[in-house]
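For the sequence shown, the numbering used here begins at 666 and goes up steadily by one.
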Amino acid sequence: MAAATSHTLSPLTDNQKSTASSTTITSASTTQPPTVTRPPASTTTANPIKGKDCRGLVSDKTKLEIGGKKMGSKDGCRAHMGSLFLICFSNGPSGITLFPYGKEANDQEFVQKNLDFTSPLFKPQIGFPLGSTLRSSLYFTDNGQIIFPAWDYAIRSYPNPPSWGFSRWDSIAMVAAFWEDADFSTGQGTIFYQEYDTLTWYRPQIIQNVESLIRKSSGIPYVARWTLKVTWVGAPAYPAWTNSGTNTFQAILTTDGSRSIALMLYQDGGMRWNVAQRPLTNALIGFTSGDGFYKNDLLMLQSPAEKYRPDQFLSSGPGLRGLRVYHLQKEVRPNYRLKCLQWLEENPVWHSWAQAQLSCPCTLWQAWEDPRFWWSRAGWMAGRRRQLCSFSSWQGGVCCSYDHWGAFLNGQRIRDPWQEDREIEAQNWCCLWNDNPYFCQLYRQRWPPVTCAGYRPPWIAWMFGDPHITTLDGTTYTFNGLGDFLLMKAKSANSSFLLQGRTTQTGTAPATNFMAFAAQYNSSGTGIITVQWLLQPNDMIQVLLNNQTVNFNYSEGIERGVHNISGVQLFRNNTVSATFDGAVAVTVSANFNILYAFTSLPEEYFNKTQGLLGVWNSDPTDDFKMPNGSSIPANSSEESIFHYGMSLSHGLFTDKPGRQPGNFTPVFLTKLIGENTTFYEEAKKLCNNSQECIYDALATKNINFGLRTKSFQDNFLKMNTSLNQFPPSLTGQIDIHAFMQKTKIVTYSSYHSGVKPYLSLWADNGTLAWTPRSLDPFTLTIRATDVIGLSSTLSPTFVVCNCSSESLCDYNQTTKVNNSSLYVAACNCALGSLGAFCQYPIDVCEACFPNVTCLPGKGCGLCPGNLIGDGMHCAGEDFTSSFLSMPCPADYCGNGGTCHISPNTACKPTCTCPPAFTDAHCRVAGKPFSPTIVRELPRRIVQLLLSEEERARQEDVNASVSRQSLPNIGLALMASSSPAPLNPTSANHSIHVGNVLIQHWNVTSEFRYIPTSNISFLNERLVTAIVEAFERKVCTTQRQAKSTVNFKPTPTRADIRDISSSNIDELKKYFECRDYPGYVLVFREEPGLICVSPCEEGYCQNGGKCQHLQDGPHCSCVPFSIYSPSGERCEQLGIRLGAFFGILFGALGALALLGVVAFLVAYLCRYERSWASG
């Protein structure tokens, strides 16, 4: 029997909502995949047919499951007439209740009075898994969508869902809670939202409820790390003026970093859009990832009356009406953003516990020889065979990595030596494996990388042979005391350190050697730690840690034993080393039944030491300082140094030394030389004059013993040399920015003489020339190597910009390409472009209403059929009054034309065009129009010489001229043009003739040029008009001064002088024909200066038809007679061969016909004469 599968099938009637719920039908007998049974196509309502009982249709063998309750044929089920679509009701599951929303739930409100709007971007730090992609940002829209843009500037709302639903070919990633065209433009309805970031332990009650619902519906353990709640409250259908109902629903998007889930909640009875008023019924519920993963809700297969009521249907899962649960990720993947953030949250900022962090050695050889550093087990196991680490309880730890040349690569801070693996993994989470460079920057801010810039090699003291000691300040001497002696006593503010050595007689020789060492370290972070090295037979070393024998652990592939406890690390291979708190190191080895040792101290002990290893202060002259504070000279005799050493006897060992000679007295080198000069000469030659080698050979009478001492001494010198040899410097640009296909040249140099940076792509002289031609990843390192083989490296970051224009490059925002040296710069796309590199124009057709013709690059055209709207939003003609304030279709009116929708044009768009255009859409020009004045026009200026005997004032003269005499010029021209304004100014002088005072006035009058009226008049007829005006003595009653002045004698042409005038060519400089390409400025007597289309000036020749379009005049050449014009202006004439030959053959035919007629006439005439005569 096949497994049972359930499907959503059950809408409710209004009177059943309070007591009943929709159910699922489970067939236990079918062997075919279950399908949703739906009413016939003619059914327009989801309501069950009343009175029809299912008892006759359902057999006892059919099982009905209603909200978990099994029902048989006797239960109350109903069916649609003529269908198998069963609708059953029971007191089963109830409708879902929305999570708390609104101001009371501390939600934010976001709504705009626009047809379409989008919310601000949400950017969850951990990202949001959708399909196979970790999305970085999202936003919601008024139309019931939550969209995940491919780029943060690609933000828009899409009002029209596709009729086919979501598919694998979708390019826009979104979750559709209820995608349909909503309209908030009237102020009705609103949207609330709240974002919950729960990376830490704190979990609000609503998040706990969301987690509980997810666990109940899916059965998976779930802890939300980021959640977004969006609630559309009373969302009106478009157009909102129609009162077509409102919807209230909610979307919860949540993720734990690896899983992402969408909860869709529809308020019971809250989905009330009037389906009958919708022009299309394409409402969509589901999601699409934009990379091929999608889901359409099964309800979308039902009739419109059903799919517009998701609040009345069950979904699989918790069995609640009005709830949909979707898993949005295609597969579960680790989220390194989340792991990085959680680790950074759990761990403190590094400088809070490591103010004096140790720097990395600059070469692998320095790290190898530095006793504070040891091979990293975690690095070794992970394949990083050249990684060494050092730890301190108060300084923290540092791990340093080197390449196969021994050059320093990078250093990483480690807080806990016991968590080294996890801490190194944390860096991988934040940097190596993370796709977002921001997290690596965040990690580097918290845990800055370690460099070798501040590295200082340790100061080392040696103890070797019979026994020879080299102090921290470099003084070497021989001390053959027998017993327990204080080698080092040091104390700082943070810690203290004691080192003791125990000697025994070297066989029967008159010399001693070390047989044991004991070290004690004490700090507040570690407590007291004591380590002892005890010589055993066959050059074996027993190690005691706090009086307990140490058993070393050996890991596969690592040829050294390790023993770690808090504060000390012990290692055994050919030597046994102890590193105390990452600061003090002691290394002991055995050979020839003698212990050899060296130790290094941190700088905190500088000038704070005493003992056989000297006073460490960089002054070797005071190394032999006795307990009483006195010192002996550094060049003291062997006997004096022996007595100095015996004063430093000390007991730190927990056991007593073995049987020792009671009266041992060493033999010094001067005596040994005198006793055997022959052997001395041989030893001197073989020891290459090494005093320590000669002494040990003479004391033991064994040249091999002496040579072994020399070997250790050489190793010590080699170690010191390696520690103090630094690699060559290497300087140059680290961040290299280049635009695609453009060459960037960078020069690298080294301050070491004879060192040249090396790279396989050098042009010359350490110069790198980089020309990016693709986005293929590469890794490149620049190396400088000196004559002894020490290397330094630089690993530049190569950032390429592949934007469509170089001005769009943003080198501050980058994306790493496959963990390589290559990064790709972000692009700040200009308005109108999209894509990772701004390479695509915005597709304005994406948001158009279905079946609307779109104008690429411009927008949506007219609504189809009988629908009206702007091409994005369309509705039936019944809503005409709603569209009076609607926007017009995109680019409906060109060239600055104004579009409006008016009931006088049946709500169709209408354009009001600028004066130049002749068509209905403002695209074809041709009409003349007035030019634009681009600067202040010049004036026409004349000067009048006038006389009067009335003792007139200046204002009276000006008033008489401007308001009584010269205005008559304008009045005379009123029939054809407007009057010319005047601006007279005057000056006078007086003379007396008898008793009469005669005043002479110079009156300057200015006239303004008007481009469309008075240019010819002012330039050609002004003087004559002025004379005629004074001769007519026409007076005006409008006065602003004293009575009219009578000028005597009446002025003539001789009394009028031209001061300034401008001809047509000069005036043209003050005007332009703006905004209309191709128009020219011309002067015509009647209108004056005017802008005309070249079409009016005979632009097209040979009968061509001219049209003035947006980019200028265009000619359509029309053939005539036997000619065929061509060319931009139809200026070229060609002969149409067809017409030519047609005319030719026609003419020849006519001639032939004429010849035939003439022949027949002649013949008939001849025949008539013959008949008459006959």
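Think of the CB as a built atom: it goes at the ideal place given N, C-alpha and C, for glycine as much as any other residue.
Just so it is clear, the structure is predicted and the values come from calculations on it, not from any experiment.
Anticipated Cβ contact below 8 Å, residue i with residue j, distance rounded
i       : j       : result
Phe914  : Ala841  : Actually they do not touch by this definition, with Cβ atoms about 11 Å apart.
Gln932  : Asp976  : 6 Å
Phe1129 : Tyr1309 : Contact flag wrong, Cβ pair sits at about 19 Å.
Phe849  : Tyr766  : With 8 Å as the limit, Phe849 and Tyr766 do not qualify as a contact, their Cβ atoms being about 17 Å apart.
Pro1437 : Met1405 : 5 Å
His1665 : Ser1627 : The pair is not a contact, with the Cβ atoms about 19 Å apart (cut-off 8 Å).
Backbone CA spacing between residue i and residue j [nearest angstrom]
i       : j       : result
Ser1681 : Asp1730 : 13 Å
Val1227 : Glu1347 : 43 Å
Trp1281 : Lys1290 : 11 Å
Gln1052 : Tyr823  : 55 Å
Pro1697 : His1565 : This sequence places Arg at residue 1697; Pro is not what is there. Spanning the two alpha carbons is a distance of roughly 55 Å.
Ser1725 : Arg1604 : 7 Å
Pro999  : Cys1468 : 31 Å
Val1253 : Leu1163 : 16 Å
Cys1760 : Asn1679 : 26 Å
Leu1455 : Cys1025 : 16 Å
Leu930  : Ser1498 : 36 Å
Leu1003 : Gln790  : 8 Å
Val1121 : Leu1351 : At residue 1121 the sequence reads Arg, which differs from the Val that was named. Cα to Cα, Arg1121 sits roughly 36 Å from Leu1351.
Thr892  : Ser925  : 10 Å
Ala1248 : Tyr1108 : 26 Å
Cys1576 : Ala1555 : 12 Å
Pro1392 : Cys1065 : 16 Å
Pro886  : Asp921  : 10 Å
Pro794  : Ile1401 : 33 Å
Cys1765 : Ile1755 : 20 Å
Thr851  : His992  : 36 Å
Gly1190 : Tyr804  : 51 Å
Tyr1413 : Ala1091 : 33 Å
Burial state of residue i (16 or more Cβ within 10 Å)
i       : result
Asp648  : In the structure displayed, the chain extends from 666 to 1839; residue 648 sits before or after that span and is not available.
Met839  : buried
Ala1862 : Given a span of 666 to 1839 for the chain in the structure shown, any question on residue 1862 remains unanswerable.
Asn1178 : buried
Asn1328 : exposed
Pro785  : exposed
Asp1149 : buried
Ile1598 : exposed
Tyr1067 : buried
Secondary structure of residue i, DSSP reduced to three states
i       : result
Ser1055 : strand
Ser1791 : strand
Asp1720 : helix
Gly1454 : coil
Phe1245 : strand
Gly1062 : strand
Ile731  : Its pLDDT being 31, under 50, Ile731 is placed unreliably in this model, and the coordinates cannot settle the point.
Lys1273 : coil
Leu1532 : coil
Cys1358 : helix
Gln1766 : coil
Phe1502 : coil
**Prompt:** Are the segment 1722-1739 and the segment 1761-1772 touching, with three or more C-beta to C-beta distances below 8 Å?
**Reply:** No, they do not touch.
**Item:** the segment 1168-1187 contacting the segment 1239-1259, beta-carbon criterion three pairs below 8 Å
**Value:** Contact holds: three or more Cβ-Cβ distances are below 8 Å.
**Request:** Could you tell me whether the segment 858-877 touches the segment 816-830, using the rule of 3 or more Cβ pairs below 8 Å?
**Result:** The answer is no - the segment 816-830 does not touch the segment 858-877, with fewer than three Cβ pairs under 8 Å.
**Message:** Within 8 Å, do at least three Cβ pairs link the segment 1070-1077 to the segment 1094-1110?
**Reply:** Taking a contact to require three or more Cβ pairs closer than 8 Å, the segment 1094-1110 and the segment 1070-1077 do not qualify as touching.
**Asked** Three or more beta-carbon pairs under 8 Å between the segment 1388-1399 and the segment 1473-1482, yes or no?
**Response** The segment 1388-1399 is not in contact with the segment 1473-1482.
**Message:** Using 8 Å as the cut-off, can you tell me whether the segment 1778-1786 makes contact with the segment 1809-1819, which would need three or more C-beta pairs spanning the two stretches below that distance?
**Reply:** Contact check between the segment 1778-1786 and the segment 1809-1819: fewer than three CB pairs, one atom from each, fall below 8 Å, which does not count as touching.
**Item:** the segment 1503-1514 touching the segment 1528-1538, judged by at least three CB pairs closer than 8 Å
**Value:** Touching, per the Cβ criterion.
**Message:** For the pair the segment 1584-1601 and the segment 1743-1758, tell me if three or more CB-CB distances fall below 8 Å.
**Reply:** Yes: at least three Cβ pairs fall under 8 Å.
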